[in-house]
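Chemist: Can you read through this structure? Questions will come right after.
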Amino acid sequence: MFRKEVSISETYKPQEVEKKLYSFWEEKGFFKPDSDPQKPSYCIVIPPPNVTGTLHMGHALNVTLQDILIRWKRMLGYSALWVPGTDHAGIATQNVVERQLLQEGINRYQLGRTAFLEKVWKWKESCGGIIIEQLKRIGASCDWSRLRFTMDEGLSEAVKEVFLRLFEEGLIYRDLRLINWCPRCHTALSDLEVEHEELEGKLYYIKYPLKEDPKKFITVATTRPETMLGDTAVAVNPEDKRYKNLIGKILILPLINREIPIIADSVVDMEFGTGAVKVTPCHDFNDAEIAQRHNLPYVCVINEEGIMTENAGKYKGLERYEARKRIINDLTELGLLEKTEKHKHAVGCCYRCKTVIEPFQTVQWYVKIKPLAEEAVRVVQEGRIKFIPEGWVNNYYAWMRDIKDWCISRQLWWGHRIPVWYCTKCKTSDGNEQGDLIEVLFYKPITLNGKEIWGGSFNELRSYGISKEEIEQRAKIIKIPKEIKHFASREEPKNCPYCGSEELIQDPDVLDTWFSSALWPFSTLGWPQQTEDLKRFYPTDVLVTGFDIIFFWVARMIMMGMKFMKDVPFRDVYIHALVRDSKGQKMSKSKGNVIDPLVMIEKYGADAFRFTLAAFAAQGRDIRFSEERVEGYRHFINKIWNAMKFIMNFAHLRTKEEVKLEDLKSFKERWILSKLSDAIYETNRALEAYRFNDAAGAVYHFLWHEFCDWYIELSKVILYSDKEDKEETVNCLFYVFENILKLLHPFMPYVTEEIWLNILGKDNSIMISPYPTYDLVGKDEDAIYRMEQIIEAISGIRSIRGELNIAPSLAVDVYIKSLDSQTEEILNDGHHFILKLAKVRSLKIQRDISRAKGSAVSVKKNFEIYIPIKGLIDIEQEKKRLLKELQKVEQDIGFLNKKLMNEDFIRNAPKEVVRKDKEKYEELLIKHDKIKENLSIIEELIN
RNA sequence: GGGCGGAUAGCUCAGAUGGGAGAGCGCAGCCCUUACAAGGCUGAGGUCACAGGUUCGAUACCUGUUCCGCCCACCA
Numbered sequence: 001m002f003r004k005e006v007s008i009s010e011t012y013k014p015q016e017v018e019k020k021l022y023s024f025w026e027e028k029g030f031f032k033p034d035s036d037p038q039k040p041s042y043c044i045v046i047p048p049p050n051v052t053g054t055l056h057m058g059h060a061l062n063v064t065l066q067d068i069l070i071r072w073k074r075m076l077g078y079s080a081l082w083v084p085g086t087d088h089a090g091i092a093t094q095n096v097v098e099r100q101l102l103q104e105g106i107n108r109y110q111l112g113r114t115a116f117l118e119k120v121w122k123w124k125e126s127c128g129g130i131i132i133e134q135l136k137r138i139g140a141s142c143d144w145s146r147l148r149f150t151m152d153e154g155l156s157e158a159v160k161e162v163f164l165r166l167f168e169e170g171l172i173y174r175d176l177r178l179i180n181w182c183p184r185c186h187t188a189l190s191d192l193e194v195e196h197e198e199l200e201g202k203l204y205y206i207k208y209p210l211k212e213d214p215k216k217f218i219t220v221a222t223t224r225p226e227t228m229l230g231d232t233a234v235a236v237n238p239e240d241k242r243y244k245n246l247i248g249k250i251l252i253l254p255l256i257n258r259e260i261p262i263i264a265d266s267v268v269d270m271e272f273g274t275g276a277v278k279v280t281p282c283h284d285f286n287d288a289e290i291a292q293r294h295n296l297p298y299v300c301v302i303n304e305e306g307i308m309t310e311n312a313g314k315y316k317g318l319e320r321y322e323a324r325k326r327i328i329n330d331l332t333e334l335g336l337l338e339k340t341e342k343h344k345h346a347v348g349c350c351y352r353c354k355t356v357i358e359p360f361q362t363v364q365w366y367v368k369i370k371p372l373a374e375e376a377v378r379v380v381q382e383g384r385i386k387f388i389p390e391g392w393v394n395n396y397y398a399w400m401r402d403i404k405d406w407c408i409s410r411q412l413w414w415g416h417r418i419p420v421w422y423c424t425k426c427k428t429s430d431g432n433e434q435g436d437l438i439e440v441l442f443y444k445p446i447t448l449n450g451k452e453i454w455g456g457s458f459n460e461l462r463s464y465g466i467s468k469e470e471i472e473q474r475a476k477i478i479k480i481p482k483e484i485k486h487f488a489s490r491e492e493p494k495n496c497p498y499c500g501s502e503e504l505i506q507d508p509d510v511l512d513t514w515f516s517s518a519l520w521p522f523s524t525l526g527w528p529q530q531t532e533d534l535k536r537f538y539p540t541d542v543l544v545t546g547f548d549i550i551f552f553w554v555a556r557m558i559m560m561g562m563k564f565m566k567d568v569p570f571r572d573v574y575i576h577a578l579v580r581d582s583k584g585q586k587m588s589k590s591k592g593n594v595i596d597p598l599v600m601i602e603k604y605g606a607d608a609f610r611f612t613l614a615a616f617a618a619q620g621r622d623i624r625f626s627e628e629r630v631e632g633y634r635h636f637i638n639k640i641w642n643a644m645k646f647i648m649n650f651a652h653l654r655t656k657e658e659v660k661l662e663d664l665k666s667f668k669e670r671w672i673l674s675k676l677s678d679a680i681y682e683t684n685r686a687l688e689a690y691r692f693n694d695a696a697g698a699v700y701h702f703l704w705h706e707f708c709d710w711y712i713e714l715s716k717v718i719l720y721s722d723k724e725d726k727e728e729t730v731n732c733l734f735y736v737f738e739n740i741l742k743l744l745h746p747f748m749p750y751v752t753e754e755i756w757l758n759i760l761g762k763d764n765s766i767m768i769s770p771y772p773t774y775d776l777v778g779k780d781e782d783a784i785y786r787m788e789q790i791i792e793a794i795s796g797i798r799s800i801r802g803e804l805n806i807a808p809s810l811a812v813d814v815y816i817k818s819l820d821s822q823t824e825e826i827l828n829d830g831h832h833f834i835l836k837l838a839k840v841r842s843l844k845i846q847r848d849i850s851r852a853k854g855s856a857v858s859v860k861k862n863f864e865i866y867i868p869i870k871g872l873i874d875i876e877q878e879k880k881r882l883l884k885e886l887q888k889v890e891q892d893i894g895f896l897n898k899k900l901m902n903e904d905f906i907r908n909a910p911k912e913v914v915r916k917d918k919e920k921y922e923e924l925l926i927k928h929d930k931i932k933e934n935l936s937i938i939e940e941l942i943n
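By this note's numbering, the letter at position 53 of the first sequence is numbered 53, and the numbering carries on one by one without gaps.
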């Protein structure tokens with residue numbers, strides 16, 4: 001009835017089936033959520049990879065875990081939706097394109113804004129599909145019809161909407177501050193985008209002469225001597241006795257001979273350096289704070305490019321590190337460099353290009369974050385969002401507590417442009433037009449009537465007849481002072497709402513990439529439109545991501561979700577590990593230790609690779625990826641394949657799809673079903689707790705060590721006999737195997753589907769078959785007990801054979817003395833299994849057995865095994881074996897004895913524990929005697 | 001300067017709520033037995049980093065130490 005003619009290949013060949021099956025699933029629309037409104041929903045949104053990127057190990061792990069969850073839930077009957085998408089990745093992508101341009105010898109400013117953006121879009125199109133194709137190779141069952149991109153029309157709408165609403169509420173504002181500036185990327189960075197790197201630097205001790213007596217000095221210590229040109233004070237601690245009488249006096253700043261005061265501020269650490277600190281408000285965050293308190297002037301000596309400005313006097317035009325060298329030289333010549341010390345300190349670097357960041361004073365856009373953060377902390381405290389493993393919440397809280405306003409503007413071109421416009425005609429308070437205050441700088445001059453124009457105020461440039469568009473296209477820098485009137489708008493405005501003028505200019509900056517990512521869980525579902533998807537799938541169920549973006553992304557999604565959806569964006573946050581190389585090193589291109597997931601897939605197949613990642617994904621620890629492990633799981637797939645081949649030999653004997661525990665006659669069938677029940681329970685429970693490794697381990701163990709090692713071996717006794725009724729065994733083999741396939745499918749989608757569909761010949765995909773749940777099959781404790789006895793007997797015999805080196809070709813005679821009638825019955829019931837699996841020629845099982853002299857012995861709880869070995873092997877060997885066992889038993893007895901003699905143990909330990917130990921002790925004593933007895937018989941034989 | 005995580009077999013790692021430690025790979029011995037040598041069977045291999053403490057009992061809980069790794073932080 002189930003007979004189906006198929007040709008089964010020797011081994012599983014992933015390359016031949018993966019592509020075919022994936023297209024099949026996709027064409028059938030299995031990745032789409034079920035539209036049945038009765039079904040509960042389950043939703044995951046993918047952490048969007050960089051649209052121009054390629055797949056790395058981190059993605060592979062991330063995607064595999066999500067796919068396991070989504071396939072599992074889909075099979076459990078949920079309407080499961082996994083929303084895919086990609087991120088425009090502002091700086092990263094722009095950098096790549098800029099680097100390409102550099103190869104042609106041009107930069108983005110030469111190209112102009114529009115032309116450059118065209119290039120980036122082209123680049124995006126040229127590689128935008130790659131990452132998606134790679135996700136598919138892993139087997140990701142995303143609903144590709146819902147694929148989104150952070151800069152597509154809908155998501156751009158969402159970004160605008162959010163910006164406008166926050167702006168209107170006063171939660172977005174502009175301000176002039178010191179910010180982290182990357183001189184290479186030419187943009188501001190948020191605090192998070194600065195990586196602190198511990199570097200071996202130098203501490204320079206520089207003497208500043210006193211004005212009233214230039215022979216006297218104060219010595220300051222600094223790691224950045226080049227910034228001294230911008231010093232506007234020297235600060236000491238008010239308590240510092242060394243300097244107390246100098247407070248208020250004037251110093252002459254060397255090299256440029258500017259006068260600066262000595263001030264007192266309690267943040268100065270008396271212990272460090274000389275206890276006197278040079279204050280450079282324009283180029284140091286601390287100093288800026290000191291300057292605020294003391295109302296010090298700001299002197300900027302380093303510009304956007306990291307080049308010294310005209311305030312640097314004769315050092316103008318020098319690159320910052322070159323200037324440092326010159327200044328040290330000059331100070332040495334002047335005798336003002338007291339000494340130089342080695343000094344380790346943390347230097348802030350750009351997270352994208354590793355350039356040392358420069359604190360720089362500019363006007364930027366900020367999000368007032370406190371009100372959003374408070375709400376985001378609350379929902380986690382209330383347990384509405386759970387972190388797994390939960391240890392991460394502490395990190396989350398810590399960061400949220402001291403969170404600073406989020407700098408969201410970037411001086412880039414690739415990204416969502418800030419929807420704010422400035423009027424150049426509106427008047428400022430002192431009667432000027434605002435456009436006069438806007439400073440424009442070109443990368444290369446515009447030639448007008450033979451005159452080179454490098455820049456100027458906006459209005460000035462317009463008066464030369466340079467168009468607004470040209471200014472926007474060609475400007476390298478457009479500085480718009482903080483005071484200038486502005487307004488936000490959804491659409492490009494025609495007129496200034498204040499004065500009606502048409503002379504408007506849009507903010508040149510774009511938003512931080514993470515601004516759009518923060519909206520991801522609802523923007524991808526259609527917000528701000530009130531779509532069906534949004535109603536059905538928000539809040540999503542789980543976010544699966546790495547710990548490195550908890551602050552960048554997770555926290556911000558929670559804030560934005562609460563703000564705009566009034567609900568959490570997801571209920572669980574599963575934080576997975578970082579994938580390192582086998583030596584524990586972070587993978588990086590520069591180290592050359594990157595393992596390409598696609599190479600793994602090609603070599604071992606997607607299933608083996610996925611299973612490896614799942615098996616590695618224990619909570620709370622980084623993964624040291626090892627290829628050997630993948631190889632090991634390829635062997636596992638081979639095992640599945642071979643088991644299938646075996647079973648398929650009997651397909652024609654199958655009579656039933658379903659098998660019920662109650663209907664089964666033999667203990668071995670009842671046993672394997674009970675074990676299946678355990679495996680089902682373990683797998684589901686582990687997945688519910690995001691314990692992927694345990695889930696993978698449970699199925700692995702069941703398939704290999706219970707189903708293959710025991711059940712298949714037992715079944716051969718039936719199947720290769722011509723007397724036995726094979727129906728029940730065959731039905732069970734198939735039934736259990738099919739359930740294993742289902743259990744495995746979320747982990748190994750391809751091989752399970754290949755077998756299911758093309759070999760078992762099922763008429764529908766395994767991915768929409770019902771996942772086994774704990775109530776599917778019951779458990780039969782009696783069968784489990786019986787099987788344990790049989791296993792013990794077989795193992796006992798095998799152990800003797802193995803340890804005494806009895807060749808497998810030698811069939812032995814075995815006598816089993818059972819200690820009770822029940823055991824006798826059980827062993828007799830299974831005697832043909834023992835015969836076959838232990839390679840026994842004749843087997844006698846009785847309560848009163850007379851045992852032949854010169855037998856090897858194994859003592860079990862309920863029975864003893866005797867194997868006459870006289871003539872088979874050297875008796876001495878058996879003696880050695882028994883002595884070894886005796887030693888082990890005596891050791892155990894000693895230990896238990898000590899424990900049981902301890903009155904405190906008897907009194908305090910749970911009764912159950914005491915009872916068990918006593919029982920064990922009794923058994924060991926008996927065993928001990930038996931071994932002794934056997935030893936003495938052996939002695940006799942030898943002598 | 002704070003905070004977090006790790007230290008278990010030769011290697012890579014599991015060990016929910018304390019009762020003499022497990023897997024995979026590797027290693028040794030024996031096997032090409034009619035699903036599978038990418039396999040089977042049998043073994044060897046561990047003072048669970050160190051020192052204290054709590055407990056009848058600690059690899060697990062507490063304290064301290066050492067060695068790794070990470071995150072955060074304005075010592076110039």
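C-beta atoms are modelled at their ideal positions from N, C-alpha and C, and glycine is treated no differently. Quick caveat, the model's predicted, so the values are computed rather than measured.
Do you know how far the Cα of V367 is from the Cα of E169?
Modeler: 11 Å
Chemist: Sorted by chain position, which residues of the same chain lie with C-beta nearer than 6 Å to I623's C-beta, five sequence neighbours on each side aside?
Modeler: Taking C-beta separations shorter than 6 Å and ignoring five residues to either side along the sequence, the partners of I623 in its chain run A577, V579 and F616, following chain order.
Chemist: Could you spell out where the alpha helix (DSSP H) holding H745 opens and where it closes?
Modeler: That residue, H745, is in no alpha helix (DSSP H); it is neither H nor E in DSSP.
Chemist: Kindly provide the ranges of any alpha helix (DSSP H) runs that are 4 or more residues long and lie completely inside the stretch 745-779, ordered along the chain.
Modeler: 749-753
Chemist: Which residue wins for smallest C-alpha separation from R629, given the options L613, G620 and V301?
Modeler: For the residues L613, G620 and V301, the minimum Cα distance to R629 belongs to L613.
Chemist: Going by the DSSP bridge assignment, what does G456 pair with across the sheet?
Modeler: V440
Chemist: Which same chain residues end up closer than 6 Å to K479 when comparing Cβ atoms and leaving out the 5 residues on each side of it in sequence?
Modeler: For K479, where only same-chain residues beyond five positions count, the Cβ hits under 6 Å are E439.
Chemist: Within 10 Å of its beta-carbon, does M901 have 16 or more other beta-carbons around it, so buried, or fewer, so exposed?
Modeler: Flag for M901 reads exposed.
Chemist: In the DSSP assignment, find the alpha helix (DSSP H) that holds N642 and state where it starts and stops.
Modeler: E627 to M648
Chemist: Is G383 a contact residue of the ligand ADP, with contact defined as CB to any heavy atom under 7 Å?
Modeler: With respect to the ligand ADP, the structure offers nothing, as it holds no ligand at all.
Chemist: How is T531 classed by DSSP in three states: helix, strand or coil?
Modeler: coil
Chemist: Is it the case that the Cβ atoms of D152 and K32 are separated by a distance below 8 Å?
Modeler: no
Chemist: Just checking, does the stretch 88-106 make contact with the stretch 444-457 on the three C-beta pairs under 8 Å criterion?
Modeler: Segments in contact, no.
Chemist: Whose CA, out of H343, I328, H345 and K344, lies closest to the CA of I337?
Modeler: The sequence given here places Leu at residue 337; Ile does not occur at that position. That would be I328, whose Cα lies nearest to the Cα of L337.
Chemist: State yes or no: is the C-beta of S674 within less than 8 Å of the C-beta of I768?
Modeler: no
Chemist: Which residue comes first and which comes last in the beta strand (DSSP E) that contains E919?
Modeler: Run containing E919: none in the beta strand (DSSP E); it sits in the alpha helix (DSSP H), K911 to I942.
Chemist: Assuming T187 is part of the beta strand (DSSP E), what are its boundary residues?
Modeler: Residues T187 to L189.
Chemist: Note the first and the last residue of the continuous alpha helix (DSSP H) segment covering I672.
Modeler: F667 to E688
Chemist: Let me check one thing: in DSSP terms, what residues is W406 bridge-paired to?
Modeler: V367
Chemist: If you compare alpha carbons, which of V363, P281, S677 and I755 is closest to Y12?
Modeler: I755
Chemist: Taking 8 Å as the cut-off, decide whether the C-beta atoms of E433 and N459 are in contact.
Modeler: In this structure, E433 lies near N459, with their beta-carbon atoms less than 8 Å apart.
Chemist: Between the stretch 527-543 and the stretch 337-350, can you find at least three pairs of beta-carbon atoms closer than 8 Å?
Modeler: no
Chemist: With the cut-off set at 8 Å, would you say M75 and K742 are in Cβ contact?
Modeler: The answer is yes: Cβ separation under 8 Å.
Chemist: In chain order, what are the residue ranges of uninterrupted alpha helix (DSSP H) at least 4 long that sit wholly in the stretch 825-894?
Modeler: 831-837
Chemist: Evaluate the contact criterion for the stretch 263-277 versus the stretch 222-238: three or more CB pairs, one atom per stretch, below 8 Å.
Modeler: In this structure the stretch 263-277 touches the stretch 222-238; the number of beta carbon pairs closer than 8 Å is three or more.
Chemist: Out of I867, E627, C423 and R670, state which residue places its alpha-carbon closest to the alpha-carbon of K494.
Modeler: C423
Chemist: Pair every Cβ in the stretch 853-865 with every Cβ in the stretch 808-827, then say whether three or more of these pairs are closer than 8 Å.
Modeler: yes
Chemist: So is D567 buried or exposed if we call it buried at 16+ other beta carbons inside 10 Å?
Modeler: exposed
Chemist: Should the stretch 847-854 be regarded as contacting the stretch 768-778, the criterion being three or more beta carbon pairs within less than 8 Å?
Modeler: no
Chemist: Do you know offhand how far L476's Cα is from Y443's?
Modeler: The residue asked about is misnamed: residue 476 is Lys in this sequence, not Leu. Approximately 5 Å, taken between the alpha carbons.
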